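For the sequence shown, position 80 (counting from the first letter as 1) is numbered 151 according to my numbering, and the numbering increases by one without interruption. Backbone N, C-alpha and C fix where the C-beta goes; we use that ideal spot for every residue, glycine too. As the structure is a prediction and not an experimental result, all values here were calculated from the model.
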Amino acid sequence: MKKTIFIFIFLLMFITTFASCKKKNQDNENNKEPEHVHEYKLVNEVAATCTENGVKAHYICEGCDKIFDENKNETTLAALNISALNHSRDEPTYEWNADNSACTATRVCKNDASHVETETVNAEETHVDSGCVVDGKNTYTATFTNKAFEKQEREYIIDHYGHSWGYATYTWSADYSKCTATRVCNNDANHVETETVDSKSRVMSEATEEHEGAILYEATFTNEAFIEQSEVVMTPQLPTLSKISFTLVEDSSGAYYSVKAASSSISGSLVIPETYNDKPVTKIDAAGFEGTAITEVVIPASVTCVETYAFHNCTKLVEVKFIDGAKSCEIGMGAFKDCSKLERFTLPSSLTEIESYLFNGCTSLSYIDLKYLGKLEEIGNSAFDDCSNISFLYLPGSIKTISDHALGDSKKLSGFYYNGTQEDWSKVVVRPHGLPDTATIIVCTDGQIVDYMVPEE
Ligand SMILES: [Zn+2]
Ligand SMILES: [Zn+2]
Ligand SMILES: [Zn+2]
């Protein structure tokens, strides 16, 4: 049964094929192919984008797949191509972040705002400190890898802060003819402002034989930072030549003058000159001014020898002033003994010994500072004996011997100062009554000695 059906189908197919061939043969016989009429189908333009080509509007015939332009002339796809536009970039914009540590460059395509090109880079920072007069600078530089973006720079000026001047200092030349003002910047010691001006001088009082003179020097600066300076300079009293008798001495040491009172009635200030008739005044005679009514004496540095009792018993003498500078000076025994009004004296710093009885009986002396006598080694016998008002004493560190009764009567001293160590003091020879037994405290440079006992006879 199955076999029968199969054969039937086969037969059917055979018959159908035969019939078709028959028809084709009829067509060929007619030899007239039917005319093809294009069926134009419009294909809309595909616009080009920045990156993709587009295609112009055209027609296509679905029947023959041919392509035609807008005028229905046959064409090719290549001819219809619209080239890609490429991006049309705006000028880049640059934006710094708040602390200038980074900068972002951006540019947008005019064709399509979604075409954005952007790059963010860290900025390089350079810093120049500002100074007193020079501005400082912070510079931030952003350099992009994309060549389309230009290097960006931001600059911030840091104002200079100005000098911070210290206080002005002023120095006068030795002769006061000029004054120099200087101030230095606290920020930088190389910043120095200085001005030197000539001073104006005015004699306020002339020096006389009785008193010093005074000259006022004034210096005015053009720099307003500097304050006008003034200085009163004393000029030495004129030598009281009329009160002095000069004796020319010529010996192995050469020619010099020795002096004494012109008369026993001289009074007031006594100023001994350094020179007389171009020869130095080097000596004051023994008892030369003894018992006179002089009130003060100025002894020049030329004097190297004050003989014994030179000013003994000058009961009006208040002040003795040695002009310092003598290389050596000897002041003889009792030279100022019994000068009961004497309050102040300065001795030459080269002095090595305070001779016996030098200030004996000078009852007005209360303040004795010998610290500046750096070469003084000995205070002689009774040098300050019967000086009952001495209440302050400063001994130099150079002292080696304090002789008998040197200061034994200075009962107002409960102690004194010594410019040396306690160990140094232990080597000082103190003779009996060399110091008052009331002086039990010695203030040394490294501490105090208490309960000091003056040696007994
Ligand atoms: Zn066609
Ligand atoms: Zn674009
Ligand atoms: Zn400065």
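*Starting from the N-terminal side, write out each stretch of the beta strand (DSSP E) that is 3 residues or longer and does not extend beyond the stretch 231-307.*
240-243, 249-255, 263-269, 271-276, 284-290, 300-306
_Assumed close pair A333, I315 - CB separation to whole angstroms, cut-off 8 Å_ = 6 Å
*Relative to the C-alpha of T386, which residue among L484, E361, V108, Y347 is closest?*
E361
*For S248, I'd like the list of residues in its chain whose CB is within less than 7 Å of its CB, leaving aside the five on either flank, ordered along the chain.*
D269, S270
_Below 8 Å on the Cβ atoms is my contact criterion, and I expect L422 with L447 to pass it. Report the Cβ-Cβ distance as a whole number of Å._
6 Å
_Top-ranked residue by Cα proximity to P467, from T353, F297, C515_ = C515
_Rounding to the nearest angstrom, what Cα-Cα distance links K498 and Q308 in this structure?_
Straight-line spacing of the CA atoms in K498 and Q308 works out to 43 Å.
_Neighbourhood of ligand 1 [Cβ distance below 7 Å to any heavy atom], ordered by chain position_ = H107, H109, E110, C132, G134, C135, K137
_Among T346, T306, G451, nearest to L319 - alpha-carbon criterion_ = T346
*Close Cβ partners of V263 (< 8 Å) along its chain, the five nearest in sequence each way excluded*: T253, R254, V255, C256
*So which of I512, C376, T492, A477 has the shortest CA-CA distance to P503?*
A477
_Stretch pair the stretch 286-305 + the stretch 323-343: three plus CB contacts closer than 8 Å_ = The stretch 286-305 is not in contact with the stretch 323-343.
*Where are the beta strand (DSSP E) runs, 3 residues long or more, that stay fully inside the stretch 316-352, in chain order?*
325-332, 338-342
*At which residues does the beta strand (DSSP E) containing D440 begin and terminate?*
According to the DSSP assignment, D440 belongs to the beta strand (DSSP E) that extends over 438-440.
_CA-to-CA distance, H109 to E100, given in whole angstroms_ = Low confidence applies here, because E100 scores a pLDDT of 49, under 50, leaving its location unreliable; read the following figure in that light. Cα-Cα distance, rounded: 26 Å.
*If you measure from the CB of N258, is any heavy atom of ligand 3 nearer than 6 Å?*
yes
*The alpha helix (DSSP H) with E494 in it runs from where to where?*
It spans 493-497 - the alpha helix (DSSP H) in which E494 sits, taken as one unbroken run.
*asked:* Please report the straight-line C-alpha distance between Y488 and P526, rounded to a whole angstrom.
replied: 18 Å
*Hey, which residues come within less than 5 Å of ligand 2, measuring from Cβ to any heavy atom, in chain order?*
Listed by chain position, these are C121, H158, C180, N182, D183, H186.
*What first and last residue would you give for the beta strand (DSSP E) that runs through C515?*
512-515
*Three-state class that DSSP yields for L464 in the structure shown*: In the structure shown, L464 sits in a strand (DSSP, three-state: E or B).
*Using three-state DSSP, classify A150 as helix, strand or coil.*
helix
*Cβ shell of T242 (< 6 Å), same chain only, five flanking positions each side left out*: T251
*Proximity test, H262 beta-carbon vs ligand 3 heavy atom, cut-off 6 Å*: Yes, the Cβ of H262 comes within 6 Å of a heavy atom of ligand 3.
*asked:* Closer than 6 Å to a non-hydrogen atom of ligand 3 - does that hold for the CB of H231?
replied: Outside the cutoff, so no.
_ligand 3 and H234: does the residue's C-beta get closer than 6 Å to at least one heavy atom of that ligand?_
Between ligand 3 and H234, a heavy atom-to-CB distance of less than 6 Å is present.
*Between which two residues does the beta strand (DSSP E) carrying H198 extend?*
195-199
*Integer Cβ distance of G339 from T366, believed to fall under 8 Å*: 6 Å
*Quick one: Cα of T214 to Cα of V179, how far?*
19 Å
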